[in-house]
Amino acid sequence: MNGHTLRITDLRKKDSAEYKFRFITDQPGGKYSGYPGVTLSVTDLQVKVTTTWWSTTLTCNTTCTLTGNPTYIWYRNSKIVQENSSPSYSVYFKTEDRFYCAVKGINSPAVSVEGHSYFHVTYTNQSVCTLKGSSVDISCSYTFPSGHTVSETKWYTKGKLDEAPRILNPGYGGRVEYLGNMQSDSILRITDLREEDSAEYTFRFRTDQTTWEHTFSGTTLTVTVLQVKVTPATVSEGQKVTLTCSTTCTLTDNPNPTYIWYKNGHVTNQSNSLFLNPVSSEDAGRYSCAVEGHKDLHSAEETLTVRCEYV
Numbered sequence: 585m586n587g588h589t590l591r592i593t594d595l596r597k598k599d600s601a602e603y604k605f606r607f608i609t610d611q612p613g614g615k616y617s618g619y620p621g622v623t624l625s626v627t628d629l630q631v632k633v634t635t636t637w638w639s640t641t642l643t644c645n646t647t648c649t650l651t652g653n654p655t656y657i658w659y660r661n662s663k664i665v666q667e668n669s670s671p672s673y674s675v676y677f678k679t680e681d682r683f684y685c686a687v688k689g690i691n692s693p694a695v696s697v698e699g700h701s702y703f704h705v706t707y708t709n710q711s712v713c714t715l716k717g718s719s720v721d722i723s724c725s726y727t728f729p730s731g732h733t734v735s736e737t738k739w740y741t742k743g744k745l746d747e748a749p750r751i752l753n754p755g756y757g758g759r760v761e762y763l764g765n766m767q768s769d770s771i772l773r774i775t776d777l778r779e780e781d782s783a784e785y786t787f788r789f790r791t792d793q794t795t796w797e798h799t800f801s802g803t804t805l806t807v808t809v810l811q812v813k814v815t816p817a818t819v820s821e822g823q824k825v826t827l828t829c830s831t832t833c834t835l836t837d838n839p840n841p842t843y844i845w846y847k848n849g850h851v852t853n854q855s856n857s858l859f860l861n862p863v864s865s866e867d868a869g870r871y872s873c874a875v876e877g878h879k880d881l882h883s884a885e886e887t888l889t890v891r892c893e894y895v
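Quick note on numbering: the working numbering labels position 155 of the sequence shown as 739, and the sequence is numbered without any gaps.
Written as structure tokens, this is what we have:
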């Protein structure tokens, strides 16, 4: 059995046709053709623009279904912004950028997406890490079409995947406050943070014409505690001991903090880590730490034991 391939380069629309393979043998009447043949449709890429109040969807259109589950590449001002099997790309912001799609190295003409105002929320931080017992401001800005007036704003939180979003009304537990101008920005302030406050927080608003729901990710809050590690925890006099103060995530408002060190409840040093070299029996005790600016938020105490060596 033999196989044959017909390769056509630099395809043009006029190449669209039905192609058949014929072979001839040395026997009388030995002409054979395959029926039916292969129908080739040559198409180009065009971007279809669909605009609603809250978004613009760009669709990479063809006049026929492309063979082989192609990958669609979307460009924004010549920079790739999406690359997957979906022929659509959605824009949720006001922009004057130009977009085009490509498949197998073939580009569509570029289109502009401009002059539209959408419902959109932009969170100041995608994630926030802060200390247990402190306060946090989770903020966002938002836009909506002209002619609308904001009538209500709400912050929601969602913890576990099977939990429904919970509205955080102002005054919730005496720890929640809404700040902002209620027309373009909003701040959710939570005080006396607890570890169970760790969750994703999202913002929604209502206008006099509609309630806008969105699927964007909000701000993920992680509430952490300070922890002291003593290495090694038990030593002999004359050895070296390192004490480190750490959190489970990098503090958003103080990524490189200076720590205040306490020994038996009294300030002993200010440094990133505490080195005792050589250690003596006088260094034995209970150690804790706090972040500069939050002296009242101590870590739990860890005990350093120093063995005395007798000759």
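For each residue, glycine too, the CB sits at the ideal point set by N, CA and C.
| Asked | Found |
| --- | --- |
| Check Asp896 in the structure and name its three-state DSSP category. | A question about residue 896 goes unanswered here, because the residues of the chain that appear run from 585 up to 895. |
| In the DSSP output, what is His732 paired with across the bridge? | Looking at the DSSP assignment, His732 forms no beta bridge with any residue, so it has no partner. |
| Rank Asp628, Lys604, Lys632, Gln630 by C-alpha distance to the C-alpha of Gly621 and give the top, closest one. | Lys604 |
| Is Thr641 closer than 7 Å to Thr634 when the C-beta atoms are compared? | yes |
| Considering Cα atoms alone, identify which of Trp845, Arg788, Thr815, Thr889 is closest to Ser801. | Arg788 |
| Quick one: what does DSSP say Glu866 is sitting in, helix, strand or coil? | helix |
| Locate the beta strand (DSSP E) running through Val807, then write down its first and last residues. | 803-808 |
| Taking 8 Å as the limit between beta carbons, can you name the residues of its chain near Val895, skipping five residues before and five after? | Confidence is the limiting factor: at Val895 the pLDDT is only 48, short of 50, which leaves the residue's position unreliable, though a coordinate-based value still follows. Answer for Val895: no residue qualifies. |
| Which residues in the same chain as Gly869 place their Cβ atom closer than 8 Å to its Cβ, once the five residues preceding and following it in sequence are excluded? | Lys847, Asn848, Thr887, Leu888 |
| What is the DSSP secondary structure of Tyr756, reduced to helix, strand or coil? | helix |
| Kindly indicate which three-state DSSP category Lys742 falls into: helix, strand or coil? | strand |
| Once the 5 residues before and after Cys892 are set aside, which same chain residues still bring their CB inside 7 Å of it? | Glu821, Ser865 |
| Between which residues of its own chain and Glu885 is the CB-CB distance below 6 Å, once the five residues before and five after are set aside? | Arg870, Ser872 |
| Would DSSP call Lys716 helix, strand or coil? | coil |
| Note down the Cα distance separating Pro693 from Arg591, rounded to an integer number of angstroms. | 26 Å |
| Enumerate in chain order the residues of its own chain whose CB-to-CB distance from Thr832 is below 6 Å, with the five nearest sequence positions on each side excluded. | Thr808 |
| If you measure between the beta carbons of Leu860 and Trp845, is that distance less than 7 Å? | no |
| Helix, strand or coil for Lys879 per DSSP? | coil |
| Can you tell me which residues form a DSSP beta bridge with Ser674? | Thr641 |
| Measuring alpha carbon to alpha carbon, tell me which of Ile690, Ser670, Lys688, Asn661 ends up nearest Glu680. | Asn661 |
| Which residue marks the beginning of the beta strand (DSSP E) containing Asp776, and which one marks its end? | Per DSSP, Asp776 belongs to no beta strand (DSSP E) and is neither H nor E. |
| In the structure shown, what three-state DSSP assignment does Lys598 receive? | helix |
| What did DSSP end up calling Tyr619 once you bin it into helix, strand or coil? | coil |
| With DSSP as the reference, label Leu590 as helix, strand or coil. | coil |
| If we ignore side chains and look at the alpha-carbon of each, how far apart do Phe703 and His882 end up? | 43 Å |
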